[in-house]
Structures are given as structure tokens and as C-alpha cells.
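Novice: Got a structure here, written out as C-alpha cells. Questions coming.
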Amino acid sequence: MKIRNIAVYCASSNRIDNVYFHEAEVLGNMLGNRNIHIINGAGNIGLMRAITDAALSAGGTVTGVIPKFMMDRGLCHSRLTTVIETQTMHERKKMMADLSDAVIALPGGYGTMEELLEIITWRQLGLYKNPIIILNTNNFYSLLLEMFSHIVRERFVRDGHVRLWHVAHTPQEAVALI
């Protein structure tokens with residue numbers, strides 16, 4: 048299957064270490080140069096802005112999916128190729144999944160974690176059949192991945208469910224995995 052559209056989950060914080068911005072920019076540049084369309088949360092700050100700006104600068108395209116209440120707060124990136132406004136966060140996540148051929152999760156906060164866990168759950172249930180890549184920049188996700196291993200050891204999920212996602216440590220690895 049040729050990957051043409053990737054949903055990217057990531058932080059909307061500007062107060063994070065520059066290594067996260069750098070890796071988001073590298074990934075955005077790589078995807079833009081490969082004409083792989085990005086779907087993200089439309090944010091105008093943090094890693095969402097960084098990956099959008101990098102992809103657009105590389106000649107790529109980005110669709111932002113944003114709930115109306117966030118649009119009303121002025122949180123939408125102004126240069127997106129396409130903006131899709133939803134009524135709720137739930138609709139946003141469903142739309143992003145429906146539009147994507149794969150997901151890459153960069154580091155992020157509660158919202159990013161929630162999106163990642165939901166798409167993994169959807170994959171487990173057969174509702175999402177596409178690749179899921181966790182970009183473990185700066186070992187950000189290592190504790191979560193350890194928790195996932197603990198969940199398997201304690202038999203809350205089957206051993207095979209650890210193959211629902213792949214882990215990359217660099218943007219180059221993430222692109223190679225898709």
C-alpha cells in the first residue's frame with residue numbers, strides 16, 4: 048500500500064526543548080519533499096506549527112482538522128492547504144483517522160497521548176488497519192512503552208498486540224517504517 052496521507056499527532060506547546068522542534072521540522076521537510084500529505088490538528092503553535100511550516104516550505108500539503116471552539120479561539124494555523132472544521136474533538140479524531148493511510152505520533156501532552164491510545168485501540172479492534180508509528184524522540188515515549196510491556200506481562204492485552212505499532216527513534220526511521 049502506498050502511503051499518501053499521514054495523520055501526525057503532536058504537541059501544541061512552545062515551552063519544550065528545541066530537539067523536539069528540530070525533529071518535527073525534519074519530519075515535515077521529509078514528508079513535504081516526498082509529496083506525502085500531512086493531516087494534523089491545525090494548530091498554530093508548538094510541534095503542530097513546526098511540522099506544518101516545514102512541510103509547506105518543502106512544497107508539501109497539510110490539512111488541518113480543528114473543532115469549531117478551537118477555531119473560534121484563534122488557534123488555527125493560517126497557511127494550511129485545507130482546513131476542515133468539526134463540531135467536536137471526537138469528530139476531529141475520526142476525521143483525521145479516516146483521511147490517513149498511516150499515523151505518526153510525535154511527543155506531546157495529554158491530547159497527543161489520548162489520540163495515540165485511541166488509534167492503537169481502534170487498530171486492536173480492527174477499526175483502523177493502517178500503520179502506527181511512535182516517534183520516540185529523545186526517549187520521550189520510553190516510559191509509556193515500558194507501561195505497554197507491563198500491560199502485556201500482566202495479561203491485560205495479548206502478546207501480539209505489541210505489534211499494533213512500530214517505534215522509530217528518528218524521523219528517517221519513521222518514514223522508512225511507513
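The sequence shown maps to residues 48 to 225 in our numbering.
Ideal placement from N, C-alpha and C gives every residue a C-beta, glycine not left out.
Should residue 170 be labelled buried (16 or more other beta-carbon atoms within 10 Å of its own) or exposed?
Specialist: buried
Novice: Comparing C-alpha positions only, which one of 122, 166, 88 and 102 sits nearest to residue 136?
Specialist: 88
Novice: What first and last residue would you give for the alpha helix (DSSP H) that runs through residue 198?
Specialist: 189 to 200
Novice: Quick check: residue 257 and residue 175, are their CB atoms within less than 9 Å of each other?
Specialist: Any answer about residue 257 is impossible in this case: the structure gives the chain only from 48 up to 225.
Novice: Within 10 angstroms of its Cβ, does residue 125 collect 16 or more other Cβ (buried), or is it exposed?
Specialist: With fewer than 16 Cβ atoms within 10 Å of its Cβ, residue 125 is classed as exposed.
Novice: Look at the Cβ atom of residue 93, then the Cβ atom of residue 85, and state whether they are nearer than 9 Å.
Specialist: No, these two residues do not count as a Cβ contact at 9 Å.
Novice: How close, in whole Å, do the beta carbons of residue 152 and residue 56 come, if the pair is a contact with beta carbons under 8 Å?
Specialist: 5 Å
Novice: Does the ligand MN have even one heavy atom less than 8 Å from the beta-carbon of residue 103?
Specialist: The ligand MN is not among the ligands present in this structure, which contains no ligands whatsoever.
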